[in-house]
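Going by the UniProt record's numbering, the first residue of the sequence shown is number 1, and it counts up by one from there.
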Amino acid sequence: MIVKAGAIQPLVELMQRDDMNLRESAAAVILTLSASASNKSVIGASGATPLLVQMLTSGSLQGKVDALMALYNIATVHENRIPVLAAGACTPLIRLLKDCKKSSKVAEKVIALLEFLMGFEEGRCSVTKEDGGLLAIVEVLEEGSFQGREHAVGALLTMCQSDRGKYRNFILEEGVIPGLLELTVQGSIRAQENARKLLDLLRDSPPQHRSGPPAAASNMLRSIAYDIAAHVDSAESGTVNARKMLTEMVQLSMEQSMRHLQQRAHVYSPSLSSAASTAKVFTK
Numbered sequence: 001m002i003v004k005a006g007a008i009q010p011l012v013e014l015m016q017r018d019d020m021n022l023r024e025s026a027a028a029v030i031l032t033l034s035a036s037a038s039n040k041s042v043i044g045a046s047g048a049t050p051l052l053v054q055m056l057t058s059g060s061l062q063g064k065v066d067a068l069m070a071l072y073n074i075a076t077v078h079e080n081r082i083p084v085l086a087a088g089a090c091t092p093l094i095r096l097l098k099d100c101k102k103s104s105k106v107a108e109k110v111i112a113l114l115e116f117l118m119g120f121e122e123g124r125c126s127v128t129k130e131d132g133g134l135l136a137i138v139e140v141l142e143e144g145s146f147q148g149r150e151h152a153v154g155a156l157l158t159m160c161q162s163d164r165g166k167y168r169n170f171i172l173e174e175g176v177i178p179g180l181l182e183l184t185v186q187g188s189i190r191a192q193e194n195a196r197k198l199l200d201l202l203r204d205s206p207p208q209h210r211s212g213p214p215a216a217a218s219n220m221l222r223s224i225a226y227d228i229a230a231h232v233d234s235a236e237s238g239t240v241n242a243r244k245m246l247t248e249m250v251q252l253s254m255e256q257s258m259r260h261l262q263q264r265a266h267v268y269s270p271s272l273s274s275a276a277s278t279a280k281v282f283t284k
């Protein structure tokens, strides 16, 4: 109702004032309004986007966070992503990502927004041109939250899929392989799938379509690890690195299998859980 009554335009005008407190207060209100799906297109078309991007650089810490969250909210609507990109969001986003803890909520939102923007060549170029831009994304892939790591591998996959010949070496040079191998066994279902796809794209040989049982997936990863490690290093050290990667993969796979067995054991013994719960009820 507030947006339909024309509340956005006065907020945009407040964000154009010299008073930073007024600007940040207006941004906080826009953030609140951007949480509603029905408001996102209106905000995206209001002229607020460049002002929010500007706040990523010039605002206080809270102002930057509010601007980031608002930009993420409106960018969930595809039509709003080009204005975010056109406002030059990639550079301040990368700088924000470099400065924050990679497992933080801020990093999670930044990398989610960057994943959206990797769908555009201008966004991909901005990341590679920014000093330490790709490295910051790789660091989120390695150290980020569960969701952050998923968005990081999604961003890198989108980049590599858009032009493998152009971006493959950029990604390899940032040491992404160990983190990707870990994600193939530790990440969410989406992260695991995307990590495997990206590993396949990073191989020396052209990527191939693969499907099959877990054993086939294991063979695929083994082949990928040797191909990539041999390409990045000399033949001898490449073999050593590949073996190290595979050792780590085996260890992670064993740990994951053990967790699955424990979960299955829990599922197949409901009577014990039920009895314990009943005992607790009657002993209160």
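All C-beta atoms in this analysis are idealised placements derived from N, C-alpha and C, irrespective of residue type, glycine included. Remember, predicted model here, so these are calculated numbers, not experimental data.
Take the Cβ of residue 13 as the centre, count every other Cβ of all protein chains shown within 10 Å, and call the residue buried at 16 or more, exposed below.
Per the 10 Å Cβ criterion, exposed.
Which listed residue (164, 115, 201, 107) has its alpha carbon closest to that of residue 143
The candidate whose alpha carbon is nearest that of residue 143 is 107.
Taking C-alpha atoms, which residue in 85, 15, 29 lies nearest to residue 23?
Answer by Cα proximity: 15.
Are the CB atoms of residue 167 and residue 109 nearer to each other than 8 Å?
Going by beta carbons, residue 167 and residue 109 fall outside the 8 Å limit.
Secondary structure of residue 100, DSSP reduced to three states
Coil at residue 100, not helix or strand.
Residue 286 versus 163, 85, 80, 94, residue with shortest Cα-Cα distance
Lying before the first or after the last residue shown, residue 286 is absent from the chain, which here runs from 1 to 284.
Would DSSP call residue 10 helix, strand or coil?
The answer is helix: DSSP assigns residue 10 an H, G or I state.
Out of 66, 119, 57, 102, point me to the one whose CA is closest to residue 89's CA.
That would be 57, whose Cα lies nearest to the Cα of residue 89.
Please determine, among 92, 4, 192, the residue with the shortest C-alpha to C-alpha distance to residue 130.
Of 92, 4, 192, the residue nearest in Cα terms is 92.
Pull up the distance between the alpha-carbon of residue 99 and that of residue 165, whole angstroms please.
Note on geometry: alpha-carbon atoms of residue 99 and residue 165 lie some 30 Å from one another.
Rounding to the nearest angstrom, what Cα-Cα distance links residue 41 and residue 66 in this structure?
Each residue's alpha carbon lies about 18 Å from the other.
Going by the CB atoms, is the gap between residue 153 and residue 102 shorter than 8 Å?
Going by C-beta atoms, residue 102 is not nearer than 8 Å to residue 153.
Buried or exposed: residue 200, going by 16 or more other Cβ atoms within 10 Å of its Cβ?
Buried.
How big is the Cα-Cα spacing for residue 191 and residue 5?
Near 42 Å, if we compare the C-alpha coordinates of residue 5 and residue 191.
Go ahead and pull the three-state DSSP assignment for residue 202.
Coil, per DSSP.
Please classify residue 80: is it buried, with 16 or more other beta-carbons within 10 angstroms of its beta-carbon, or exposed?
Around the beta-carbon of residue 80, 16 or more other beta-carbon atoms lie within 10 Å, marking it buried.
Quick check on this structure: which residue in 203, 156, 105, 96 has the alpha carbon closest to the alpha carbon of residue 125?
With distances taken between Cα atoms, residue 125 lies closest to 156.
Where residue 46 falls: helix, strand or coil (DSSP):
Residue 46: coil per DSSP, three-state reduction.
When DSSP labels each residue in this structure, what does residue 91 get in the three-state scheme?
Note: residue 91 maps to helix in three-state DSSP.
Are residue 68 and residue 96 touching if we call contact CB-CB under 8 Å?
Yes, the pair counts as a contact, with Cβ atoms nearer than the cut-off.
Run the CB neighbour count on residue 17, radius 10 Å, all protein chains shown included, and call it buried at 16 or more, exposed below.
It is exposed - the Cβ of residue 17 has fewer than 16 other Cβ atoms within 10 Å.
Output needed for residue 64: all residues of its chain with C-beta closer than 6 Å, excluding positions within five of it in sequence on either side, in chain order.
For residue 64, where only same-chain residues beyond five positions count, the Cβ hits under 6 Å are 56.
Hey, could you find the ends of the alpha helix (DSSP H) residue 2 is sitting in?
Boundaries cannot be given for residue 2, as no alpha helix (DSSP H) includes it and DSSP labels it neither H nor E.
Backbone secondary structure at residue 20 - three-state DSSP
Three-state result, residue 20: helix.
Spatial neighbours of residue 46 within its chain, please: C-beta separation below 6 Å, excluding the five flanking residues on both sides.
Only 8, 12 meet the Cβ criterion.
Output the distance between the C-alpha atoms of residue 3 and residue 197, rounded to the nearest integer angstrom.
Distance between the alpha carbons of residue 3 and residue 197: 42 Å.
Decide if residue 74 is buried, meaning its Cβ has at least 16 other Cβ atoms within 10 Å, or exposed.
Within a 10 Å sphere around the beta-carbon of residue 74 sit 16 or more other beta-carbons, which makes this residue buried.
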